[in-house]
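Asker:
2 protein chains.
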Amino acid sequence: MPSSSFSSDQRLPLYQQLRDEMLAKIAAGEWRPGEPIPTEQELTKSYGVAIGTIRKAVDTLVADGLLQRSQGRGTFVRRPDFTSSLLRFFRQVNSQGEKQIPDSQILARQLLTPTEQVRKALQLEAEESVVYLQRTRTLDSRAVFSEDIWLPASRFGKLLELDLAAFGNLLYPFYEQECGQMIASAQETLSVEPANSSAAALLGIAGNAPVVVIERIALSYDRSPLEYRISRGAADTFHYQVEIS
Amino acid sequence: MPSSSFSSDQRLPLYQQLRDEMLAKIAAGEWRPGEPIPTEQELTKSYGVAIGTIRKAVDTLVADGLLQRSQGRGTFVRRPDFTSSLLRFFRQVNSQGEKQIPDSQILARQLLTPTEQVRKALQLEAEESVVYLQRTRTLDSRAVFSEDIWLPASRFGKLLELDLAAFGNLLYPFYEQECGQMIASAQETLSVEPANSSAAALLGIAGNAPVVVIERIALSYDRSPLEYRISRGAADTFHYQVEIS
DNA sequence: TAGTGGTCTAGACCACTTA
DNA sequence: AAGTGGTCTAGACCACTAT
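One line per chain: the protein sequences are A and B, in this order.
The first sequence begins at 1 in our numbering and counts up one residue at a time.
The second sequence begins at 1001 in our numbering and counts up one residue at a time.
1. So residue 1157/B and residue 1118/B are supposed to be a Cβ contact under 8 angstroms. How far apart are they, rounded?
2. Where does residue 173/A sit, in a helix, a strand or coil, going by DSSP?
3. Would you kindly work out how many angstroms separate the C-alpha atoms of residue 6/A and residue 155/A, rounded to a whole number?
4. Kindly give me the distance between the Cβ atoms of residue 221/A and residue 184/A, rounded to whole angstroms, as I take these residues to be in contact under 8 angstroms.
5. Between which residues of its own chain and residue 247/A is the CB-CB distance below 6 angstroms, once the five residues before and five after are set aside?
6. Taking only beta-carbon atoms, is residue 1064/B less than 8 angstroms away from chain A?
7. What's the gap between the Cα of residue 1174/B and the Cα of residue 1168/B?
8. What whole-angstrom Cβ distance do residue 213/A and residue 197/A have, given they're in contact under 8 angstroms?
9. Shortest alpha-carbon distance to residue 153/A belongs to which of 161/A, 59/A, 193/A?
10. Say whether chain B places a C-beta atom closer than 8 angstroms to the C-beta of residue 245/A.
11. Starting from the beta carbon of residue 210/A, find every residue of chain B whose beta carbon is closer than 7 angstroms, and list them in chain order.
12. Is residue 206/A buried or exposed, if buried means 16 or more other CB atoms sit within 10 Å of its CB?
13. Would you kindly work out how many angstroms separate the C-alpha atoms of residue 170/A and residue 142/A, rounded to a whole number?
14. Should residue 211/A be listed as close to the ligand NAD, given that the test is whether its C-beta is under 7 angstroms from any heavy atom?
15. Take residue 1092/B as the anchor and find which of 1238/B, 1065/B, 1030/B, 1064/B has the nearest alpha-carbon.
16. Can you tell me whether residue 1075/B is buried or exposed, with buried defined as 16 or more other CB within 10 angstroms of its CB?
17. My assumption, with CB atoms under 8 angstroms, is that residue 1102/B sits in contact with residue 1137/B. Please give the rounded CB distance.
18. Answer with yes or no whether the minimum CB distance from residue 80/A to chain B is below 8 angstroms.
19. Going by C-alpha distance, which of 1077/B, 1036/B, 1187/B is nearest residue 1061/B?
20. Relative to the alpha-carbon of residue 232/A, which residue among 15/A, 216/A, 226/A, 42/A has its alpha-carbon at the smallest distance?
21. List, in order along the chain, the chain B residues whose C-beta lies closer than 7 angstroms to that of residue 273/A?
22. Starting from the C-beta of residue 139/A, find all residues in its chain whose C-beta is less than 8 angstroms away, skip the five residues before and the five after it, and write them out in chain order.
23. Does residue 199/A pass the burial test, meaning 16 or more other C-beta atoms within 10 Å, or should it be called exposed?
24. Can you tell me whether residue 149/A is buried or exposed, with buried defined as 16 or more other CB within 10 angstroms of its CB?
25. Measure the CB-CB distance between residue 291/A and residue 53/A and report whether it falls below 8 angstroms.
26. Report the option in 182/A, 87/A, 236/A, 224/A whose CA atom is closest to the CA atom of residue 30/A.
27. If you drop the 5 nearest sequence neighbours on each side, which residues of the same chain put their C-beta closer than 6 angstroms to that of residue 37/A?
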């Protein structure tokens, strides 16, 4: 038994307490994405429990996609890759028929007072303002989808000062690099609505044509909301698949 | 080590061979949905392996949703309940605001020669015909969605003879009871299209209004396709949520 | 060859359900 | 009280990766 007091409930099974301890290390940046965590042998020594218990704790984190085992090499902190995002079900093939990441253009960037909807999504205090980004994503200069993005100014204020050219195609590594904010997971909601005039213009479709709307709230490891994003794409390019049982 | 030869590859880990053995028992109906499987102690004896190995094999089937543990009671074969179906994301509340299962009406039933699309989805032989059902699902006599259903006539021919009044709201238990065909899992695909005239009439919406289309291929335990279904509902009543990480 | 995670065993004790 | 799955331990050996 380790001498340190566990932060989580002592009445929980040992392996769940261990899980919470390990999760805290990832959240604190003590175990960094892409790097190996201590070996199972080391963990048994530092926590003073049997290897089977360590393995069970690690199993739960692997199942949740936070850790990745690799036989002979070690166990690594996994960088969330969002391959399961609904956004990937928009047709994203170029003229050669290959799937690829669309290019990004930031069309607007502002410091705003949030609407009630945004304030609620990001769980903001009354006076807190937000960084707003408007962005389109294109493939072969054809718009695939358009995005409205809101971020708490308290954590992401630096984004207002940076050169727009520095914003890459992938925002989450950029957030991590520039603002030290790591996205750990997200919740997405899909709905369908008719295109309003601005969305129709951006996407190059007829007004009132159906648009798939994906709302995303991206969370940190401690599950506080870091980003609220609404993405819109032409519905006829959307095809989502799921396995059920 | 059991004297019986395993059907699966001997080079696989023991727990995976056990998993395959257990899956075969479920598929064969030897272990029936809703009933307990033998206790872990009995399994260790009949297979001649350690209890930890049994537990690991059971774990994989629990993770896949085929078995369900219940401490103190036993481990049970789970009847797939399709709670994760995309269909549940259509607004299904009655006038009291409670969520409930819509009522079903069979509008048509025919023996048909399948179209190429249906033949492919059900992986049918060239001459095999299909049972076709057209069905609407209503809540407070308001249509929620309409369904076209195709089934291989070789397995589901009996459905042509039964009284339409015998068809309940839930088809899968009905298939099992009347035709001995058990649905184990399914694949669903979501897309959006404008309502054609017949769908618009059935759903009570304007022509060309967006419709969410859910295609489902339902599979048996041995993963052969048993049912092909296309469900359509008004897009403005659809709201899908997913967690990603 | 050394070190990692993966598999498998054997057994103790606990928590929960049923009768 | 008896029987079930749940937790935890301790240790052996295997398969894979790096050097």
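Where a beta carbon is used, it is the ideal one built from N, C-alpha and C, also for glycine.
Answerer: Let's see:
1. About 16 angstroms separates the Cβ atoms of residue 1157/B and residue 1118/B, ruling out a contact at the 8 angstroms cut-off.
2. In the three-state DSSP reduction, residue 173/A falls in the helix class (H, G or I).
3. Reliability fails at residue 6/A, whose pLDDT of 41 lies under 50, so the model's placement of it is uncertain and the value that follows must be treated cautiously. Straight-line Cα distance between these residues: approximately 29 angstroms.
4. 4 angstroms
5. Because chain A in this structure spans residues 1 to 245, residue 247/A falls outside the shown range and cannot be described.
6. yes
7. 7 angstroms
8. The Cβ separation is near 16 angstroms, so there is no contact.
9. The candidate whose alpha carbon is nearest that of residue 153/A is 161/A.
10. yes
11. 1192, 1210, 1235
12. exposed
13. 18 angstroms
14. Summarising the ligand content, the structure contains no ligands, and the ligand NAD is consequently not present.
15. Of the candidates 1238/B, 1065/B, 1030/B, 1064/B, the residue whose Cα lies closest to the Cα of residue 1092/B is 1238/B.
16. With 16 or more Cβ atoms within 10 Å of its Cβ, residue 1075/B is classed as buried.
17. 4 angstroms
18. yes
19. 1077/B
20. The option with the nearest alpha carbon to residue 232/A is 216/A.
21. Look at the range of chain A in this structure, 1 to 245, and you will see that residue 273/A is not part of it.
22. 92, 93, 94, 100, 102, 103
23. buried
24. buried
25. Within the shown structure, residues of chain A are numbered from 1 to 245, placing residue 291/A beyond reach of any answer.
26. 182/A
27. 31, 75
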